[in-house]
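Input: a single structure, listed below in structure tokens.
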């Protein structure tokens, strides 16, 4: 049985397969906007005389921009998982991501793919080695 493992955060996703005990990285996805700081995601068109007001006003917009970019990337990842599931390649799915992004992934999964999720791990392992990831999910079958 082929288990797919998605290890992701707002900037990067790594997709693995597990056949028996062996974990193999299949592909990686990168979302450049996820690496930017919140202030870099929003442009401010205010004049110098209202700089203080504009900065205060834009702080809420920055958070909205960050969440928006997370949603876009979560959708991109889940669309890829949809394709894999439709190709009858996935029998089980494990999601590994920081809590907020894990919620984004769950929200964006279509119902049939969501039913394949056997475990979720709230942890950022995107920069971990394949061996570290394998150890973290070893008991998740």
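In the UniProt record's numbering, the protein residues as written are 1 to 141.
Even for Gly, the Cβ is constructed at its ideal location relative to N, Cα and C.
* Out of curiosity, what's the CA-to-CA distance linking residue 106 and residue 114? -> 7 Å
* Asked: Going by the CB atoms, is the gap between residue 96 and residue 6 shorter than 8 Å?
  -> When the beta-carbon positions are compared, residue 6 and residue 96 come within less than 8 Å of each other.
* So what does residue 64 bridge to, in DSSP terms? -> In DSSP, residue 64 forms no bridge with anything.
* To do: Mind reading off the beta-carbon distance from residue 18 to residue 3? Whole number of angstroms is fine, and I expect it under 8 Å.
  => 4 Å
* Given a threshold of 16 other Cβ atoms within 10 Å of its Cβ, counted over all protein chains shown, does residue 133 qualify as buried or as exposed? -> Buried.
* Three-way DSSP call (helix, strand, coil) for residue 105 in this model -> helix
* Measuring alpha carbon to alpha carbon, tell me which of 12, 80, 8, 22 ends up nearest residue 141. => 22
* Taking just the CA atoms, how far does residue 67 sit from residue 139? -> 32 Å
* **Assigned secondary structure, residue 173 (DSSP; H/G/I helix, E/B strand, else coil)** => Absent from the model: residue 173. The displayed extent of the chain is 1 to 141, so no value can be given.
* Reference residue 77, options 121, 91, 88, 109, closest by Cα -> 109
* Note down, in chain order, each residue of its chain lying with its Cβ closer than 6 Å to the Cβ of residue 74, except the 5 sequence neighbours on either side. => 104, 105, 108
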